[in-house]
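Numbering (our numbering), first residue to last: 73 to 449. C-beta atoms are modelled at their ideal positions from N, C-alpha and C, and glycine is treated no differently. All remarks here apply to the structure that follows.
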Amino acid sequence: MNAVFITTFEIDEKYGTNYHQKFRNYIKMAEENDWTIDGCMTDPKGDRNKRPSELRDPDLYLRIVERRDDGVVIRGAKAHQTGAINSHEHLIMPTLTMRKEDADYTICCAVPADDPNVIYIYGRQASDLRRLDSSEFGDIDCGNAEFGGQEALVIFEDVFVPDDRIFMNGETDFCGRLVETFAAYHRQSYGGCKVGVGDVLVGAAATIADFNGTANASHIKDKITEMVHLNETLYSCGIACSSCGKETPSGNYLVDILLANVCKQNVTRFPYEISRLLHDIAGGIFVTMPSAADLANPETAKLVEKYLSGVEGVATKDRMKMMRLIENLVLGRAAVGYLTESMHGAGSPQAQKIMIHRLADLESKKKLAMKLARIDN
Ligand SMILES: Cc1cc2nc3c(=O)[nH]c(=O)nc-3n(C[C@H](O)[C@H](O)[C@H](O)COP(=O)(O)OP(=O)(O)OC[C@H]3O[C@@H](n4cnc5c(N)ncnc54)[C@H](O)[C@@H]3O)c2cc1C
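So this is what it looks like as structure tokens:
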């Protein structure tokens with residue numbers, strides 16, 4: 073919303089359009105109706121080496137297929153849409169910087185999620201059936217009985233979008249600005265959301281160390297400290313790019329784009345190390361453990377109870393529950409969000425590297441070095 077807010081303002085300034093007011097009206101509507109809105113950016117793309125207009129199948133990037141007096145008709149798909157099934161609306165944005173010949177791909181607009189021409193193909197995830205088979209014997213195998221999530225491939229099959237829901241239409245010179253600002257806010261947000269999951273991993277590590285009787289071992293303490301250090305580094309980046317943000321001419325605040333990209337670049341790495349440390353601390357049983365059904369089966373219950381026990385005073389069932397939570401966090405559903413989304417969400421690592429290189433201001437840094445080396449320039 074912030075990125076579209078800024079970009080619509082800037083497009084209007086250059087072209088005298090009225091996108092910004094339309095977008096303000098849309099936000100008001102969203103607030104009044106308490107809508108959940110899917111940030112709908114990633115196109116399927118096909119051959120990544122080709123521009124949208126060069127592709128044999130033109131629908132691999134969402135595009136305008138018809139322009140009418142009162143709106144446009146769009147066709148294409150958006151991949152990996154988190155929470156799409158439980159959203160009221162899709163706020164569609166282009167995924168790339170576009171060239172003049174890609175004008176039909178330059179569309180930012182809002183579509184109601186229940187439009188009859190929108191199709192959802194639900195994403196499968198590791199261990200997704202655990203939620204179904206755990207009900208009979210309790211929720212041990214579920215791993216995380218409270219929260220889940222989903223992604224979907226969302227297909228727009230000739231969806232009509234009325235004019236008051238269009239916030240960019242063919243202004244290719246502003247695609248880069250929209251994508252960059254959207255990515256900056258999103259990369260900043262990971263300094264919060266991934267850190268929240270990281271807190272759970274740290275808590276699971278400390279708890280399972282208690283249950284296993286290893287909490288006082290110096291290497292375990294050191295590994296948990298390392299997990300905290302990495303997680304809080306991510307948090308610091310999130311705070312830094314937010315507090316160094318500046319007011320924009322449109323009146324909202326934009327995060328510091330360089331620091332937001334540094335934040336996200338760290339997010340593509342540290343959660344993997346934090347997960348590795350949790351693997352180490354937990355022991356292997358979280359991937360080889362018998363099921364809730366074995367704990368309920370009169371033939372095996374006593375054996376599971378006995379051989380999966382940890383320290384005295386902790387129920388085997390609780391140790392099993394914690395192991396399943398760990399499995400969920402580093403290999404199951406939560407790992408979709410914690411690991412793969414950390415890598416690719418808001419753009420793959422190279423996307424941040426490009427931005428970091430562009431914003432690094434190497435010339436001023438070179439001058440500093442030259443001055444200290446007493447080299448005239
Ligand atoms: C769990 C999850 C949730 C997500 N949620 C959302 C969401 O809610 N909304 C949304 O819009 N998107 C969402 N995304 C999508 C995310 O933004 C993309 O996954 C990301 O932009 C990478 O795109 P891709 O998956 O197509 O991978 P690719 O773009 O295919 O990247 C794979 C690799 O190829 C490289 N590469 C790609 N193109 C080129 C090229 N031209 N030249 C050189 N190298 C190239 C990349 O750098 C990367 O290393 C989500 C992704 C995940 C995994």
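task = Can you give me the Cβ contacts of Arg257 inside the same chain, cut-off strictly under 7 Å, excluding the 5 residues immediately before and after it?
result = Locating residue 257 in the sequence shown gives position 185, counting from the first residue. Per the sequence shown, the amino acid found at residue 257 is Tyr instead of Arg. Around Tyr257: Asn74, Ala75 and Val327.
ask   = Do you know offhand how far Gln153's Cα is from Asn324's?
value = Mapped onto the sequence shown, residue 153 falls at position 81. Mapped onto the sequence shown, residue 324 falls at position 252. Taking the straight line joining both Cα atoms gives about 26 Å.
C-alpha gap between Val272 and Tyr344, whole angstroms = Counting from 1 along the sequence shown, the entry for residue 272 is found at position 200. Counting from 1 along the sequence shown, the entry for residue 344 is found at position 272. Inter-residue distance for Val272 and Tyr344 is about 14 Å (C-alpha atoms, whole angstroms).
request  = Tell me whether Phe342 sits in a helix, a strand or coil according to DSSP, three-state version.
outcome  = For the purposes of this step, residue 342 is identified with residue 270 of the sequence shown, where counting begins at 1. In the three-state reduction of the DSSP assignment, Phe342 falls in the helix class.
inquiry  = With the cut-off set at 8 Å, would you say Arg348 and Ser199 are in Cβ contact?
reply    = Counted from its first residue, the sequence shown places residue 348 at position 276. Counted from its first residue, the sequence shown places residue 199 at position 127. No, they are not a contact pair.
request  = Check whether the Cβ atoms of Arg128 and Asp230 lie closer than 8 Å to each other.
outcome  = On the sequence shown, residue 128 is found 56 positions in, with the first residue counted as 1. On the sequence shown, residue 230 is found 158 positions in, with the first residue counted as 1. Here Arg128 is not near Asp230, since their CB atoms are 8 Å or more apart.
inquiry  = For Trp454, tell me which candidate among Met113, Asp115, Lys438 and Ala156 has the shortest Cα-Cα distance.
reply    = The structure shown has nothing for residue 454, since the chain only spans 73 to 449.
request  = Examine ligand 1 and report whether any of its heavy atoms sits within less than 7 Å of the Cβ of Ala418.
outcome  = What you label residue 418 is simply residue 346 of the sequence shown in a count that begins at 1. Yes, since a heavy atom of ligand 1 falls inside the 7 Å radius drawn around the Cβ of Ala418.
query = Should Val251 and Pro166 be called a contact, given that it needs their Cβ atoms to be closer than 8 Å?
reply = Position 179 of the sequence shown, counted from the first residue, corresponds to residue 251. Position 94 of the sequence shown, counted from the first residue, corresponds to residue 166. Val251 places its beta carbon less than 8 Å from that of Pro166.
query = Going along the chain, which residues of its own chain have a beta-carbon closer than 7 Å to the beta-carbon of Ala224, five neighbours each way excluded?
reply = To locate residue 224, count along the sequence shown from 1; it is residue 152. Non-local C-beta neighbours of Ala224 in its own chain, meaning closer than 7 Å and more than five positions away in sequence, comprise Gln153, Ala156, Ile157, Tyr192, Ile193, Tyr194 and Gly195, ordered along the chain.
ask   = Does DSSP put Cys316 in a helix, a strand or coil?
value = As a first step, residue 316 must be located in the sequence shown, where it is residue number 244. Assigned with DSSP and collapsed to three states, Cys316 falls in coil, not helix or strand.
key: Whether Leu132 touches Gly143 by CB criterion (8 Å)   = The sequence position of residue 132 within the sequence shown is 60, counting from 1. The sequence position of residue 143 within the sequence shown is 71, counting from 1. No, the pair does not count as a contact, with Cβ atoms beyond the cut-off.
request  = Could you tell me whether any non-hydrogen atom of ligand 1 is closer than 7 Å to the CB of Val408?
outcome  = Here residue 408 refers to the residue found at position 336 of the sequence shown. Flag set: Cβ of Val408 near ligand 1.
task = Verify whether the separation of the beta carbon atoms of Cys180 and Met240 is less than 8 Å.
result = Your numbering for residue 180 matches position 108 in the sequence shown. Your numbering for residue 240 matches position 168 in the sequence shown. For the 8 Å CB-CB criterion, Cys180 and Met240 form a contact.
query = Is Asn74 near ligand 1, judged by its Cβ being under 7 Å from some heavy atom?
reply = One-based indexing of the sequence shown puts residue 74 at position 2. For Asn74, the Cβ stays outside the 7 Å cut-off from all heavy atoms of ligand 1.
request  = Using 7 Å as the cut-off, classify the Cβ of Asp110 as near or not near the heavy atoms of ligand 1, replying yes or no.
outcome  = In the sequence shown, the residue the question calls residue 110 occupies position 38. Yes; taking the cut-off as 7 Å, the Cβ of Asp110 has a heavy atom of ligand 1 nearer than that.
task = Return the Cβ separation of Leu367 and Ile398 in integer angstroms, given the expectation that the two are a contact with Cβ distance under 8 Å.
result = Looking up residue 367 in the sequence shown gives position 295. Looking up residue 398 in the sequence shown gives position 326. The pair is not a contact, with the Cβ atoms about 17 Å apart (cut-off 8 Å).
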